[in-house]
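Using the working numbering, read the sequence shown as starting at 194 and increasing by one per residue.
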Amino acid sequence: MEYDIIIGLEIHSELKTQSKVFCGCKNEFGGDPNTQCCPVCLGMPGTLPVLNKTALEYAIKAGLAMNCKISRFSKLDRKNFFYPDMPKAYQISQYDLPICYDGYVDIEVNGETKRIGIERIHIEEDAGKLVHDPYGQGTLIDYNRCGVPLIEIVTRPDIRSPEEARILFETIKSILEYTEVSDCRMQEGSIRADVNLSIRPKGTEAFGVRTEMKNLNSFRSVQRAAEAEAKRQAEVLRKGGVVIQETRRWDDNKGESFSMRGKEEAMDYRYFPEPDLVPIVVDDEWLESIKRSIPELPQSRRDRYINELGIPRYDANLITMNKRVADMFDAAVAVCGNAKTVSNWIMTDIMRRINDKGEAVLDSPLNGKRFGEILLFLEKGEITQASAKKVMDEVIETGAEPSEIIEKRGLKVQRDENLVLDAVRKVIQSNPQAFNDYVSGKEKAFGFLMGRVMGELKGKGDPAQVKEVLTRELQAASS
Ligand SMILES: [Zn+2]
Numbered sequence: 194m195e196y197d198i199i200i201g202l203e204i205h206s207e208l209k210t211q212s213k214v215f216c217g218c219k220n221e222f223g224g225d226p227n228t229q230c231c232p233v234c235l236g237m238p239g240t241l242p243v244l245n246k247t248a249l250e251y252a253i254k255a256g257l258a259m260n261c262k263i264s265r266f267s268k269l270d271r272k273n274f275f276y277p278d279m280p281k282a283y284q285i286s287q288y289d290l291p292i293c294y295d296g297y298v299d300i301e302v303n304g305e306t307k308r309i310g311i312e313r314i315h316i317e318e319d320a321g322k323l324v325h326d327p328y329g330q331g332t333l334i335d336y337n338r339c340g341v342p343l344i345e346i347v348t349r350p351d352i353r354s355p356e357e358a359r360i361l362f363e364t365i366k367s368i369l370e371y372t373e374v375s376d377c378r379m380q381e382g383s384i385r386a387d388v389n390l391s392i393r394p395k396g397t398e399a400f401g402v403r404t405e406m407k408n409l410n411s412f413r414s415v416q417r418a419a420e421a422e423a424k425r426q427a428e429v430l431r432k433g434g435v436v437i438q439e440t441r442r443w444d445d446n447k448g449e450s451f452s453m454r455g456k457e458e459a460m461d462y463r464y465f466p467e468p469d470l471v472p473i474v475v476d477d478e479w480l481e482s483i484k485r486s487i488p489e490l491p492q493s494r495r496d497r498y499i500n501e502l503g504i505p506r507y508d509a510n511l512i513t514m515n516k517r518v519a520d521m522f523d524a525a526v527a528v529c530g531n532a533k534t535v536s537n538w539i540m541t542d543i544m545r546r547i548n549d550k551g552e553a554v555l556d557s558p559l560n561g562k563r564f565g566e567i568l569l570f571l572e573k574g575e576i577t578q579a580s581a582k583k584v585m586d587e588v589i590e591t592g593a594e595p596s597e598i599i600e601k602r603g604l605k606v607q608r609d610e611n612l613v614l615d616a617v618r619k620v621i622q623s624n625p626q627a628f629n630d631y632v633s634g635k636e637k638a639f640g641f642l643m644g645r646v647m648g649e650l651k652g653k654g655d656p657a658q659v660k661e662v663l664t665r666e667l668q669a670a671s672s
């Protein structure tokens, strides 16, 4: 039997406010354990929370960027459960009146646009972190992350494949980066996704029983976890079993998931309105000013690249998905002038560097301006492609200016006709076999000789000129 896959995502993202959501502690990653907490975020008796207005503003901004309606009246609620990383034994969250609701995000799947509903976005506080002692002596708790502001983005179950789930996660991350409400540093856990998945026989309407996999912190793990879970559920059903509603833990190294606990229902948490915080009222003026603060979003930037700069849709999509790459593109085009050259080099060279070395490349001295300068030298025919790559490597390594590197390394293209002619003659004389092959019609021999001449010119020859001189000399020598 064939099955449809039904997926919904819950994405938690930390907001990059200066301070935590209900107290004045610094909201900063990486301090020594338990150095960024106070009686409020540690849940000491007698303390009172105060809502951080910027956190609320960021949540609204994210909601507007995802086409949500904004609740003009909402409130915070207590979600009650015990876990050692949460000293209050409840989490302040939002239950029936989330700050944002009824939105959507458009994703690009195989060149087509698909709309995924956003059910709600609500504010809540993060919990601390358990550190399991590698020597088996016990478990330590770091409360620094307690009270860090989060938004939880809950999608509708509109996703129909593991690939769509990954693309949606990428798209939402990109929107959060563009609106600058979150750093989205995945390695620090500042954005993570829960995957809710069920399957149903193709052609049927009713949803099957769903399972939830929590805290996936990479695009790849979201897709792989969804693939494996869909397969596992199909296997259970094929054997005549039933899927149990439960929370599962995905092990990315093993490539499989394990049952953790039965899935809780909302009523298990005994939600009730947080008595220590006043309700939230969003007035027109404030809402309008937040609307005005929303920058150009990835989708419209992509359309601009396609329509105004003539960049292919696939390339434009990939470049704009990462705001920092798109910013680099814009800065380079401003210097180099040729948008297509810049996009080709980003799609090949920069993407390869990001794949190999991670996004740290985007923090290197090879910024958009220097990248554009190197491409301008290339555009003017003053350096070769191979030299352009070398200059980029050296800028990243040393931080020197492209023009200095080109000067110092003598990378300017060699156009002296006599030098080129000498090199061509020398190569023809010292490679009689290749010459004979060329005369007898073997096309490949030309490429070989061309490579030798470029080598003779230390990679600095102008390929067009070398080709022309070599063709002329070969014809002269063979006639
Ligand atoms: Zn605090």
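Glycine included, C-beta positions come from ideal geometry on N, C-alpha and C.
>> Assess contact between the stretch 359-371 and the stretch 293-307, defined as three or more Cβ pairs (one per stretch) separated by less than 8 Å. Is contact present?
In response: yes
>> Helix, strand or coil for V324? Go by DSSP, reduced to three states.
In response: strand
> ligand 1: which residues have Cβ under 5 Å from any of its heavy atoms, chain order?
Replying inline: C216, C218, C231, V233, C234
>> So the candidates are E489, K484, E405; which of them puts its Cα closest to the Cα of S452?
In response: E405
> By the 10 Å Cβ neighbour count, where 16 or more other Cβ atoms means buried, how is Q492 classified, buried or exposed?
Replying inline: buried
> Since L249 is in the alpha helix (DSSP H), which residue starts that stretch and which ends it?
Replying inline: 246-258
>> Starting from R431, trace the alpha helix (DSSP H) in both directions and tell me its first and last residue.
In response: Unbroken alpha helix (DSSP H) run through R431: 412-431.
>> Which of the three DSSP states is assigned to K281 in this structure?
In response: coil
>> Between the stretch 476-492 and the stretch 500-507, can you find at least three pairs of beta-carbon atoms closer than 8 Å?
In response: no
> Are Q284 and I316 closer than 7 Å when you measure CB to CB?
Replying inline: No, the pair does not count as a contact, with Cβ atoms beyond the cut-off.
> Is the beta carbon of L390 less than 7 Å from the beta carbon of E439?
Replying inline: Not in contact: L390 and E439 (Cβ atoms no closer than 7 Å).
> Using DSSP with H/G/I as helix, E/B as strand and the rest coil, what is I473?
Replying inline: strand
>> Beta-carbon within less than 8 Å of L241's beta-carbon, same chain only, minus the 5 sequence neighbours each way: which residues are those?
In response: V233, D469
> By the 10 Å Cβ neighbour count, where 16 or more other Cβ atoms means buried, how is K272 classified, buried or exposed?
Replying inline: That one is buried.
>> Is the beta carbon of I344 closer than 7 Å to that of A258?
In response: no
> Should the stretch 582-594 be called in touch with the stretch 632-641, which here means at least 3 C-beta pairs below 8 Å?
Replying inline: no
> Taking the alpha carbon of Q416 as the point to measure from, which residue in G654, L202, A670 has its own alpha carbon closest?
Replying inline: L202
> What residue from S671, G223, I473 has the CA that sits closest to F628's CA?
Replying inline: Nearest option by C-alpha distance: S671.
>> In whole angstroms, give me the CA-to-CA distance for K213 and A248.
In response: 8 Å
>> Looking at V388: is its Cβ nearer than 7 Å to the Cβ of A419?
In response: Yes, these two residues count as a Cβ contact at 7 Å.
> What whole-angstrom Cβ distance do H205 and R403 have, given they're in contact under 8 Å?
Replying inline: Actually they do not touch by this definition, with Cβ atoms about 18 Å apart.
>> Between the stretch 536-545 and the stretch 514-526, can you find at least three pairs of beta-carbon atoms closer than 8 Å?
In response: yes
> Rounded to a whole number of angstroms, what is the C-alpha to C-alpha distance between V617 and E356?
Replying inline: So the two alpha carbons sit approximately 53 Å from each other.
>> Can you tell me whether P355 is helix, strand or coil according to DSSP?
In response: helix
> What residue from V471, P625, E666, T372 has the CA that sits closest to I487's CA?
Replying inline: When V471, P625, E666, T372 are compared, the shortest CA-CA separation from I487 is found for T372.
> Between N227 and Y336, is the Cβ-Cβ spacing less than 7 Å?
Replying inline: yes
> If you draw a straight line from the alpha carbon of E572 to that of L555, how long is it in whole angstroms?
Replying inline: 23 Å
>> Assuming the contact rule is C-beta atoms closer than 8 Å, G401 and V436 should be a hit. Round their C-beta distance to whole Å, please.
In response: Going by Cβ atoms, the distance from G401 to V436 rounds to 6 Å, so yes, they are a contact pair.
> Does DSSP classify I576 as helix, strand or coil?
Replying inline: coil
> What residue does the beta strand (DSSP E) around M514 start on, and which one ends it?
Replying inline: No beta strand (DSSP E) holds M514; the alpha helix (DSSP H) holding it covers 506-514.
> Of all the alpha helix (DSSP H) runs that stay within the bounds of the stretch 611-666, which reach a length of 4 or more residues?
Replying inline: 625-632, 637-649
> By the 10 Å Cβ neighbour count, where 16 or more other Cβ atoms means buried, how is M279 classified, buried or exposed?
Replying inline: buried
> Does the distance from the C-beta atom of Q622 to that of K653 stay below 7 Å?
Replying inline: no
>> Using a Cβ-Cβ cutoff of less than 6 Å, which residues in the same chain neighbour N220 once the five nearest sequence positions on both sides are dropped?
In response: T210, S212, K213, V341
> Among all the DSSP beta bridges, which residues are the ones paired with F465?
Replying inline: R271
> Could you give the residue range of the beta strand (DSSP E) that holds P342?
Replying inline: 342-348
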